[in-house]
Each structure stands twice: as C-alpha cells, then as structure tokens.
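My numbering runs 104 ahead of the 1-based position in the sequence shown.
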Amino acid sequence: MNNILITGRPGIGKTTLVKKLCEIFKEFNPAGFYTSEIIEEGVRTGFELISLYGDTTVLSHVNLKTKYVVGKYKVDIKGFENLLDNIFSREKKTGLYIIDEIGKMECKSKKFSKLIIELLDSDKPVVASVAEKGIGLINDIKKRSDIKLFEITPNNSELLLKELTMEIRDLLLE
Numbered sequence: 105m106n107n108i109l110i111t112g113r114p115g116i117g118k119t120t121l122v123k124k125l126c127e128i129f130k131e132f133n134p135a136g137f138y139t140s141e142i143i144e145e146g147v148r149t150g151f152e153l154i155s156l157y158g159d160t161t162v163l164s165h166v167n168l169k170t171k172y173v174v175g176k177y178k179v180d181i182k183g184f185e186n187l188l189d190n191i192f193s194r195e196k197k198t199g200l201y202i203i204d205e206i207g208k209m210e211c212k213s214k215k216f217s218k219l220i221i222e223l224l225d226s227d228k229p230v231v232a233s234v235a236e237k238g239i240g241l242i243n244d245i246k247k248r249s250d251i252k253l254f255e256i257t258p259n260n261s262e263l264l265l266k267e268l269t270m271e272i273r274d275l276l277l278e
C-alpha cells in the first residue's frame, strides 16, 4: 500500500485535511496542488487550484468560455494542464505527492487522468482526496489494490489527521 485516498461528501473537510498534511510533511518537499473556492458576493462561483509551490490558476468558473462543463461550472482544461506541467516538470526532489482532488472537473483532463495513474504506479507515496461519487477513473482508482481508502466524516477529522500522519510517516520512512 503506497497510496492513500481520502474521500467524503462535498464540504466535509477533505481540502482542510489535505492542507494540514502538506504542512506536516513539508520537509519531504511534497509536490501537488489543493483547491480553493472562489467566492464572489457571498456565492461560490468557481474553484482555484494552488500548487504547493504557490502558483495559482482558475480551474473552473461560472463565467468561463469553454466547452468543458461540470454542473454550473465551466472548466479551464488548458490552464489546469499548464499548472500540472509547471508542478510536475520540477518536482524531481519530492518524496511525496499530494493531490486535492481527483474529481469530475479534474478528470475532464486526459493529461491529469494519465498523470494520476503514473503517480499511483510510482514508488513515491501519493496522498489524494477523491470524490465520494464518480464513475470511470474515480471509481477505478478506488478499486486499486495499492491504495488505502479513508473516509472523513463530521466526527472523525481530528482522529483521521492523526491516523493519516502515522500512515504517511510509515510510508515515507520505509
């Protein structure tokens, strides 16, 4: 088991947990990204991606001009793939990949779908949040024999952080 997936319903705290793990394991130079909501006048209008190097790009927004759509959001595949290139072209010294999240928007990108499989197949641990529901790649990844799936609930986030910290530390120190 080299890979850890965190799942749970939308808004449950997957991203918060992933960000805490980024902090805890920063000495291992993690490579990856996390998502952040774009809020305009009190309404969520999209999502931004922030690389662990600090680069940002808009992943989706209600007002984007693109043919890729998930729900009410239009997805900027080109911008997303440029960020992926930026992250994974310079990550040679990393000991850990952290991805938030493997979701419907991200899976619209063939490059991302291919990259996720390569990362999961690599000898470095992957910690990723994954959509609770989903078909195709989302479902396939959850069935892999080399992953351990954790579910975050309203009552277990503190305990889960401790458990994941120990699990990841064990993977990194193997």
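Ideal placement from N, C-alpha and C gives every residue a C-beta, glycine not left out.
Predicted, not measured: the structure shown is a model, and the values here were computed from it.
Please tell me whether residue i and residue j are closer than 8 angstroms, where the distance is taken between their beta carbons.
i: residue 150; j: residue 166; result: yes
i: residue 254; j: residue 265; result: no
i: residue 178; j: residue 193; result: no
i: residue 202; j: residue 268; result: no
i: residue 236; j: residue 148; result: no
Return the residue from the list the options that minimises the CA-CA distance to residue i.
i: residue 223; options: 239, 170 and 250; result: 250
i: residue 228; options: 257, 247, 216 and 274; result: 274
i: residue 186; options: 160, 115, 240 and 130; result: 160
So is residue i buried or exposed if we call it buried at 16+ other beta carbons inside 10 Å?
i: residue 182; result: exposed
i: residue 176; result: exposed
i: residue 277; result: exposed
i: residue 107; result: buried
i: residue 180; result: buried
i: residue 134; result: buried
For a test of the three-state rule: what should DSSP assign to residue i, helix, strand or coil?
i: residue 161; result: strand
i: residue 290; result: There is simply no residue 290 to check, as the chain begins at 105 and stops at 278 in what is shown.
i: residue 136; result: strand
i: residue 107; result: strand
In its own chain, which residues sit with a C-beta less than 8 angstroms from the C-beta of residue i, not counting the 5 before and 5 after it?
i: residue 119; result: 138, 139, 140, 204, 205 and 233
i: residue 191; result: 135, 136, 137, 155, 156, 157 and 159
i: residue 212; result: 172, 174, 179 and 181
If I measure Cβ to Cβ from residue i and keep anything under 6 angstroms in the same chain, skipping five residues before and after, which residues do I get?
i: residue 136; result: 156, 201, 202 and 203
i: residue 109; result: 232, 234, 251 and 253
i: residue 210; result: 216
Please determine whether the Cβ atom of residue i lies at a distance below 7 angstroms from any heavy atom of the ligand NAD.
i: residue 247; result: This structure simply doesn't include the ligand NAD, nor any ligand for that matter.
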